[in-house]
Structure formats: structure tokens, C-alpha cells
Amino acid sequence: MKTRKRTLFFALLLLAGVYPILTGCEHDYYQPERMEGKGTSLFGDNIAVPSSFDWSTLRSVNLDIEVDDRFDGNYYYLVELYDAHPFFYENASLLGKGVAKKGINFTFSPTLPNGLETIFIKQTDPAGMEKVTAVSVDDATQLSVSFLHGSSSLRSATASASSFRAAPADLQTSYPTPADAIVINEQSPANYTLVTNKAYVIRGTYTGAIQFPNEGNVALYVEGTWNNSSSGFVLQDGAKLIVQDGGCFAASGTVEITGNNNSTLVIAPSGSFIGEKTTIRFTGAGKVINNGTLDASLIHFPSLGMMYNAGNASVGEFQVNSPENSIVNDNRLIIAKANFTNGEVVNNNLLEIADLHVNGTTIRNSKKVTVTNGEFMNGIFDNHCLAEFGKVTTSGTVFIGAEETLLSVDEYTLASGTRFDLDSHAIFEVTGSISFNSTKSYINGIGSKTALARLEKIIFNGWNNLDIEGNLELENSNFSNLSSGTAFSLKAPALWVQKGESSVTIEATECNNGGNPVGGSGQPPVNPSFPIIWNGIDVTYMFEDNWPLLGDYDMNDVVLNVKPSYTIEQGNRVSQLDLAVTLQAVGGIKKLALGMQLDGVAPASVKGVGVTTNPGRTNTVFGSILANGLESGQSLAVIPIFDDVHMAFGVDAGTMVNTTAGDQSVTREPLKVTVTIQFNTPVNFEDVAIDRLNPFIVNGGYSSRRYEVHMAGFVPTDKANREILGKVGDDNSSVEERRYYVSDKNMIWGLAVPGSCPYPKEFTSIRKAYPDLEKWAVSAGEEAKDWYTRPDLNFVYRSK
Numbered sequence: 000m001k002t003r004k005r006t007l008f009f010a011l012l013l014l015a016g017v018y019p020i021l022t023g024c025e026h027d028y029y030q031p032e033r034m035e036g037k038g039t040s041l042f043g044d045n046i047a048v049p050s051s052f053d054w055s056t057l058r059s060v061n062l063d064i065e066v067d068d069r070f071d072g073n074y075y076y077l078v079e080l081y082d083a084h085p086f087f088y089e090n091a092s093l094l095g096k097g098v099a100k101k102g103i104n105f106t107f108s109p110t111l112p113n114g115l116e117t118i119f120i121k122q123t124d125p126a127g128m129e130k131v132t133a134v135s136v137d138d139a140t141q142l143s144v145s146f147l148h149g150s151s152s153l154r155s156a157t158a159s160a161s162s163f164r165a166a167p168a169d170l171q172t173s174y175p176t177p178a179d180a181i182v183i184n185e186q187s188p189a190n191y192t193l194v195t196n197k198a199y200v201i202r203g204t205y206t207g208a209i210q211f212p213n214e215g216n217v218a219l220y221v222e223g224t225w226n227n228s229s230s231g232f233v234l235q236d237g238a239k240l241i242v243q244d245g246g247c248f249a250a251s252g253t254v255e256i257t258g259n260n261n262s263t264l265v266i267a268p269s270g271s272f273i274g275e276k277t278t279i280r281f282t283g284a285g286k287v288i289n290n291g292t293l294d295a296s297l298i299h300f301p302s303l304g305m306m307y308n309a310g311n312a313s314v315g316e317f318q319v320n321s322p323e324n325s326i327v328n329d330n331r332l333i334i335a336k337a338n339f340t341n342g343e344v345v346n347n348n349l350l351e352i353a354d355l356h357v358n359g360t361t362i363r364n365s366k367k368v369t370v371t372n373g374e375f376m377n378g379i380f381d382n383h384c385l386a387e388f389g390k391v392t393t394s395g396t397v398f399i400g401a402e403e404t405l406l407s408v409d410e411y412t413l414a415s416g417t418r419f420d421l422d423s424h425a426i427f428e429v430t431g432s433i434s435f436n437s438t439k440s441y442i443n444g445i446g447s448k449t450a451l452a453r454l455e456k457i458i459f460n461g462w463n464n465l466d467i468e469g470n471l472e473l474e475n476s477n478f479s480n481l482s483s484g485t486a487f488s489l490k491a492p493a494l495w496v497q498k499g500e501s502s503v504t505i506e507a508t509e510c511n512n513g514g515n516p517v518g519g520s521g522q523p524p525v526n527p528s529f530p531i532i533w534n535g536i537d538v539t540y541m542f543e544d545n546w547p548l549l550g551d552y553d554m555n556d557v558v559l560n561v562k563p564s565y566t567i568e569q570g571n572r573v574s575q576l577d578l579a580v581t582l583q584a585v586g587g588i589k590k591l592a593l594g595m596q597l598d599g600v601a602p603a604s605v606k607g608v609g610v611t612t613n614p615g616r617t618n619t620v621f622g623s624i625l626a627n628g629l630e631s632g633q634s635l636a637v638i639p640i641f642d643d644v645h646m647a648f649g650v651d652a653g654t655m656v657n658t659t660a661g662d663q664s665v666t667r668e669p670l671k672v673t674v675t676i677q678f679n680t681p682v683n684f685e686d687v688a689i690d691r692l693n694p695f696i697v698n699g700g701y702s703s704r705r706y707e708v709h710m711a712g713f714v715p716t717d718k719a720n721r722e723i724l725g726k727v728g729d730d731n732s733s734v735e736e737r738r739y740y741v742s743d744k745n746m747i748w749g750l751a752v753p754g755s756c757p758y759p760k761e762f763t764s765i766r767k768a769y770p771d772l773e774k775w776a777v778s779a780g781e782e783a784k785d786w787y788t789r790p791d792l793n794f795v796y797r798s799k
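Heads up: the sequence shown begins at 0 in numbering that gives the first Met the number 0, then just goes up one per residue.
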């Protein structure tokens with residue numbers, strides 16, 4: 000708290016009768032016990048902050064991490080925690096670090112920003128191979144994470160394709176020629192009209208046009224050769240055209256065959272239908288049954304059409320337009336262009352499609368499907384063996400990979416709203432690139448054994464492109480994000496590994512092109528080098544100096560940043576703590592000191608404290624120092640940093656530093672001091688975590704019964720004047736209830752914020768500098784948890 004003009008400050012001091020203490024004097028000129036509280040709220044008296052709200056931007060989560068130890072406990076694995084995927088975000092913050100091996104998990108309680116929803120955990124094995132998983136920490140307090148695969152047992156390489164079904168159970172595929180069939184041969188008229196309720200048979204070679212009756216119910220059997228000369232004919236009401244063994248239907252010109260109302264075209268095993276320019280358009284439960292050779296330019300099923308192929312069929316274009324349509328291939332079906340809308344396609348042998356367009360169709364494959372160019376809109380591709388695509392685009396599509404199968408794509412132009420459900424040891428492979436957009440897609444391992452997604456290059460464009468989840472390993476080292484948003488979500492037990500470092504052994508079968516042999520890194524295993532150094536996340540602390548009276552809430556009377564560095568021994572315990580303390584600003588004009596209490600450490604645990612420089616140390620506040628560098632007379636370790644923050648900056652008392660432009664403030668480079676704390680024996684990390692660091696300022700009673708200002712909920716040192724806690728000014732502390740440094744309206748004097756956070760400029764409330772702060776506070780921290788990431792740059796300090 001300070002006035003707008005230094006002259007006004009002097010005037011107030013004169014009125015208070017405390018003028019003679021401004022220079023060269025250690026008397027207490029600030030006597031809050033004489034002051035009555037004003038009770039002004041940061042957000043106005045009509046806006047309440049819940050009394051249960053602790054103002055903390057940090058929290059801890061208890062983690063138990065099991066590594067996938069393939070060296071039988073002979074070496075340690077390195078485990079690291081990040082706030083972003085470490086493979087691709089070089090600025091990802093390291094949230095924790097330690098070691099584990101078989102039988103010894105990494106148990107750790109990292110301190111996390113409240114706004115952080117997901118942490119990424121990286122395991123590095125003794126041979127240098129890395130894998131990453133991620134877990135949601137939103138509202139979590141205890142989590143167990145395992146890098147072990149869902150099952151270590153492998154099925155032997157006996158997997159083979161199995162058919163879904165052959166022809167429908169009620170489908171008649173053989174039609175013997177009736178003995179009383181009327182013979183058509185080379186002696187018959189060139190234009191022949193069939194009569195309903197009769198059967199006819201072509202023997203020898205017949206060249207001509209045959210007209211089927213409109214009444215239908217007629218059957219024409221071809222045992223010889225029919226050289227069709229007509230431009231087309233219609234099969235009505237149960238009419239049948241059957242090309243028997245040794246028979247042949249041939250058409251050199253353009254022919255259109257239309258089948259309606261249960262009409263049937265059948266080709267026997269050694270029969271052939273040769274019609275490179277022939278169109279077959281069947282509707283009304285029409286059937287095309289090929290057991291021999293079929294060559295057509297177009298097959299079209301507008302509705303209720305069905306094709307069963309147990310022979311060799313080649314089709315220029317195949318169109319399906321109804322949910323009731325179906326295609327079953329039991330041998331070889333080659334299609335130049337397929338347009339499938341709804342319906343079902345079942346492949347039990349070899350299906351080759353050059354240009355495939357799908358809208359709502361279900362395709363089931365039990366052997367091999369090859370597609371040169373595919374475009375899927377909705378629909379399902381249910382793969383139970385081998386599927387190979389050249390180029391593909393999908394939207395709203397579901398790909399199902401059964402056990403030990405392979406879906407391979409050369410270039411995946413776009414996967415939009417697409418789901419890949421991969422069963423045990425299924426492989427999804429993209430040898431080129433795959434692109435995702437903001438219509439979320441999913442890759443999910445759904446089996447008891449780990450599935451594998453080998454993706455050479457991933458391109459994200461938009462927010463929340465992809466969820467990676469289930470019992471799955473994603474192998475990829477080439478990742479690009481074309482937007483600034485969060486591109487993907489990785490959810491344990493799913494793992495992300497570098498290219499060539501997959502640890503999932505999948506034996507070769509006829510359905511997976513060699514499976515996935517695991518070769519390792521080729522490097523000999525070694526233990527991590529101890530001690531391990533971990534540079535933790537930094538925190539910015541902002542203080543108001545007017546305690547126990549509420550101030551102006553610009554929270555810049557003392558601003559410092561603290562970044563811890565931990566020296567970790569083999570047992571994941573800390574032998575040394577280094578604190579990089581950066582004094583950024585002093586907006587207060589009274590004498591202010593700065594200290595640090597370690598709330599989890601007793602003085603006897605500290606071997607020694609070293610400070611790189613002491614420009615603000617005068618021993619006038621922290622006067623009695625133990626041999627190990629701690630302040631004496633304390634039950635917890637208290638480290639003196641500055642007796643006078645103004646002196647530390649090299650300015651006179653009453654000078655504001657780095658808070659505003661003009662004659663009331665000066666600009667100085669932030670002052671950096673490194674505090675090194677060595678421990679007699681290594682301590683638990685949880686005892687020196689960032690949320691156990693308790694920095695404080697001293698704003699009065701300097702040499703004895705001092706007035707300390709701490710963050711809300713943090714205990715004062717033993718040398719603080721506890722007699723005035725909760726009894727003077729606006730302070731509502733209670734030693735008995737362990738409530739500290741809050742007012743009766745739950746206002747505060749100190750705030751810790753993750754990272755290097757800009758602070759309000761002089762005479763500017765933090766409420767204006769951070770517009771979402773109010774939403775966060777009045778919701779008791781449930782909303783706007785990352786409020787500190789969105790400052791209003793008009794109201795924060797920026798040096799020229």
C-alpha cells in the first residue's frame with residue numbers, strides 16, 4: 000500500500016507523529032496494533048469470496064508410477080513428468096523427475112498448477128528408449144500409472160483369416176436346366192421373344208436379340224454362347240438369366256440389363272459373362288450370382304439388390320444406393336470405381352477397388368482388401384485381416400481392427416471425426432502422413448493385448464483433433480501442429496513412443512505383413528547418472544505490505560520469482576535444494592525485508608545455506624544466524640534473504656522500483672540471488688516441494704516481535720508477533736484454527752502464481768490486471784483456474 004505522491008506519505012507520517020524514523024533508524028514506525036480495519040473487499044462488499052477458498056493456484060497429486068522393466072530390476076529407469084508432450088514441445092515444463100525399476104515404483108507428489116488438466120509421463124529405459132503416456136489430473140488427488148502392456152503373453156503365429164459368411168443361407172446358387180426347356184440355337188430367329196411361365200435354353204451359338212416378357216416368370220439358360228445383339232433387355236417379376244457351366248454371354252456393344260422384382264442373373268463356375276460395355280441394374284430384391292467369370296462396365300443396385308461372387312468378377316463401376324443392398328465376395332472382385340451408399344459389403348477373399356467412395360456403408364473384410372484411392376463418409380470398415388489403402392480420406396467413419404490384423408495406408412489425406420478401434424495386437428499403419436482436423440478422431444486400443452499405431456507423420460490442424468486411448472502404443476516421431484490449440488489428448492494406458500522404438504512384439508501372420516518385430520535401441524543398458532538434477536517449475540509471489548490493514552490490491556509491494564532446482568539421489572530423495580530467487584519489483588515505500596521458511600524442514604536437517612550475493616543483508620531484521628546459515632530461534636528452517644529490499648536494489652528507502660514510469664519509480668534490472676541449501680541427509684521431496692516454500696516479507700517490528708506477511712494459509716515464523724494475529728486491523732488469523740493471513744471477508748496479502756507472471760502496475764488493482772481473477776475467487780477456484788494466463792496488458796507493468 001502506498002500513496003500517489005511521496006509528499007502525501009511524508010504528511011501522513013508527520014500527522015502520525017513518526018517523522019524521525021525515516022533514515023538510519025531501526026525503530027518501528029509502522030504500528031498496526033493502533034490501527035482499525037477498514038474491511039474493503041477486492042471485489043466490492045456485495046461480492047463474497049467463500050470462506051473455504053484458500054487462494055492457492057497450486058496443488059499436489061500423489062502418483063504411483065510403475066515402469067515396464069525389461070531388465071529384471073538390474074537397472075533404474077528414468078521417469079519424468081511434463082505439462083506437455085516432451086517429444087514435440089521443447090518448452091514443456093518438467094514437473095518432476097526420479098527413478099524406478101521392477102519392484103520399486105516411482106512414488107511422487109508433484110506440485111501442479113490448478114489449471115493444469117493433464118500431465119505427460121515419460122519413461123526412459125536403460126538403453127535410452129523412450130515412451131510417453133498421459134493422465135488427467137483434473138480434480139484428482141491419487142493416481143496409479145503403469146507402463147506395462149495389457150498382457151505380456153503373445154499368441155503364437157497361427158492367426159489366419161476366417162470368413163464372415165459365404166452366400167446367404169437361403170441363396171440358391173445352382174440352377175439345373177429343366178428337361179423341357181425350349182431350345183434356342185443358330186437356327187432360331189435373330190429376334191426372339193420369350194413367353195412367361197416357360198423355360199428356354201441356348202445351345203450351340205446363338206447371335207441375336209432376345210426379348211423377355213413383361214409378365215416375368217421366365218428362365219433362360221445359356222449352355223452354349225449367346226452373342227447378344229440388342230441394346231438391352233428387362234428381367235421382370237422373377238425372370239432368370241442363367242449362364243451354365245461352359246456357357247457364355249457375350250456383348251460387344253453397349254447393353255443395359257435391368258432386373259426388377261426378384262429377377263436373377265447367375266453365372267455357373269465355368270460359365271462366363273463378357274460385357275465390357277454392359278450395364279446391370281437390379282432393384283426390387285434382384286440378385287447377381289457369379290460363380291464363374293463376370294465382366295461388366297457397371298453394376299447398379301438402386302434398392303434391394305444383392306451380389307454374391309464366388310468366381311472372378313471385374314466391374315468398371317459399382318453403385319449401391321440403399322441400406323438393403325449387399326455384396327458378398329468369396330473369391331476375387333475387382334472394381335475400377337465404387338460408389339457405395341449404405342448397404343453392406345462382405346469380403347472373404349480378395350477385393351480390389353481403384354476408386355472407392357463410401358457413404359454410410361459397412362464393409363467387412365476377412366481376407367484382403369486393396370484400395371488405391373478411398374473416400375469415406377460415415378460407415379464402418381470392419382477389418383479382420385489385411386487392408387491396404389493408397390490414399391484415403393474419412394469423415395465420421397469407424398475402422399475396426401480385429402486381433403493381429405493390419406490396416407495400412409500410404410497417405411491419409413484427412414481423418415475427420417474418425418474412430419479407429421484396434422483389438423489385441425492389431426496394427427494401424429500410415430507410411431506417409433495422416434492429417435486430423437478439429438472434428439475429433441479417436442485411436443483406441445480395445446483388446447487385452449496392446450495394439451499398435453505406426454504413423455510416420457502426424458499433422459494436426461485445429462483444437463482437440465485426436466484422442467489416443469486404451470491399450471495402445473502409438474509410434475511416431477514426426478508431429479506438426481498447424482494451430483496454436485491443444486491438438487490431441489493422450490490417455491493412459493495408451494503410450495507414445497519414438498519411431499523405431501515400439502516395444503510391442505506382434506508375431507507375423509498372413510494378415511499383418513510381417514507383424515511388428517522388436518529390435519531394441521542397440522545400446523547397452525546403463526543406470527542414470529546420480530545425482531539427478533531437476534529444475535522445477537517457478538512461481539511468482541506478489542505481496543501487499545499494509546498488513547494487517549487491507550491495501551490497494553496492486554500486489555506489487557514486493558514481487559519475486561522463485562525457481563527451485565533439486566539434487567536427487569538414488570532413492571528419489573533430495574540432497575540439495577537450489578532456489579533461484581529473482582527480486583522483480585518493490586512497490587512499497589516502507590522498509591521491507593524478505594525471508595524464506597521451509598515448512599517441511601527442521602533446522603537440524605540443514606547442513607548449510609549459501610547465498611551468491613547479499614546486497615540487501617544488514618543483519619537488522621535477520622540478526623542472529625546459526626552456523627548453518629539459518630536464522631536462530633526457529634522450529635522450522637528460516638533463510639534470511641534481504642533485510643532491506645530497497646537496499647538490495649541500491650535505492651533509498653521510499654523508492655518504488657519497477658512498478659510505474661515517472662518520478663515516483665525507478666527501473667532496475669531484476670536482482671537474482673541463488674540460495675543453496677544442503678541437507679545433512681537427503682530429505683523427502685514432498686518436504687521441499689514448491690508448495691512447502693513459505694516466502695514472507697517483514698513490514699514492521701523488525702528486530703523483535705516482527706510483523707510478517709505470508710500467503711494465505713501459511714504459518715508465520717516463530718519470531719513473528721503472534722499476539723496481534725486476528726486481533727488488529729483487517730486480519731482474521733487464528734492460531735488455534737490454523738487460519739492465517741486472511742481477512743474476515745477472505746481477502747489476502749500474498750499470492751503465489753505459477754510461472755513468470757506479469758504483475759499489476761502501480762495503483763492498479765490486480766482485479767483489473769487479471770479480469771478472470773474474480774470469477775476464480777468467487778467460484779472457490781472451480782472456474783477460470785488458469786486466470787493468470789490472461790492478463791490485461793494495459794494494467795500490468797511493462798518496462799520500457
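Beta carbons: idealized from backbone N, C-alpha and C, even for Gly. The model shown is predicted, which means the values in this text are computed figures rather than measured ones.
In summary, PHE281 is buried, with 16 or more beta-carbon neighbours lying within 10 Å of its beta-carbon over all protein chains present. Looking only at LYS101, PHE119, GLY127 and LEU94, the smallest Cα-Cα distance to LEU111 is reached by LEU94. Within the model, the alpha-carbon separation for SER437 versus ASP537 is close to 33 angstroms.
Under DSSP, SER742 shares a beta bridge with ASP730. One thing to note: HIS424 has its Cβ no nearer than 7 angstroms to the Cβ of ILE362.
If you check the CB distance, VAL254 and PHE248 do not come in under 7 angstroms.
Around the beta-carbon of TRP462, fewer than 16 other beta-carbon atoms lie within 10 Å, marking it exposed. Checking the DSSP bridge columns, you'll see SER325 partnered with MET305 and GLU343. DSSP lists ILE256 as the beta-bridge partner residues of PHE232.
Around the C-beta of ARG58, 16 or more other C-beta atoms lie within 10 Å, and the residue is accordingly described as buried.
Beta-bridge annotation (DSSP): THR110 is paired with SER59.
Restricting attention to GLY114, GLN171, LYS336 and LEU413, the CA atom closest to the CA of LEU350 is found in LYS336. Within the same chain, Cβ atoms closer than 7 angstroms to the Cβ of ILE765 are found at TYR552, ASP553, MET554, PRO759 and LEU772, the five residues on either side in sequence being excluded.
As computed with DSSP, ASN364 is found in a beta bridge with ASN346 and ASN382. Look at the region 630 to 673 and you find these whole runs of alpha helix (DSSP H), each 4 residues long or longer: 644 to 648.
Taking a 10 Å sphere around the C-beta of ILE209, we find 16 or more other C-beta atoms and assign the residue as buried.
In the same chain as VAL697, and ignoring 5 residues on each side of it, the C-beta atoms closer than 8 angstroms to its own belong to LEU591, ALA592, LEU593, GLY594, VAL620, ARG705, TYR706, GLU707 and VAL708, in chain order. One alpha carbon belongs to VAL357, the other to PHE317, and they sit about 11 angstroms apart. LEU548 is the residue among ALA267, ASP244, SER501 and LEU548 whose C-alpha sits nearest the C-alpha of LEU724. Under the three-state reduction of DSSP output, THR172 falls in the coil class, being neither helix nor strand. With contacts defined as CB atoms closer than 7 angstroms, THR658 and TYR796 qualify as a contacting pair. In the three-state scheme derived from DSSP, where H, G and I count as helix and E and B as strand, LYS562 is classed as strand. Here ASP420 is bridged, per DSSP, to ILE399 and ASN443.
DSSP places LEU625 in no alpha helix (DSSP H); its state is neither H nor E. Excluding the 5 residues flanking it on each side, ALA312 has same chain C-beta neighbours closer than 6 angstroms at ASN289, LEU293 and LEU332, in chain order. The three-state reading of DSSP puts THR788 in helix, counting H, G and I together.
Annotation: the continuous alpha helix (DSSP H) that includes VAL777 extends over 772 to 777.
Among the bridge pairs identified by DSSP, GLN141 is matched with ASN61.
Burial is judged here by how many other beta carbons sit within 10 angstroms of a residue's own beta carbon; SER251 has fewer than 16 and is exposed. A Cβ-Cβ contact shorter than 7 angstroms links LYS100 with ASP68.
In terms of CA proximity to ALA491, ASN443 leads the group ASP785, ASN443 and ASP730. In the three-state reduction of the DSSP assignment, GLU455 falls in the strand class, which pools E and B. Using a Cβ distance threshold of 7 angstroms, ILE120 and THR106 do not count as a contacting pair. With a cut-off of 8 angstroms on Cβ pairs, the region 729 to 741 is not in contact with the region 528 to 536, counting fewer than three such pairs. In terms of CA proximity to SER135, GLU468 leads the group SER604, GLU468 and ASN745. The C-beta distance from ASN372 to LYS390 rounds to 5 angstroms, short enough to fall under 8 angstroms.
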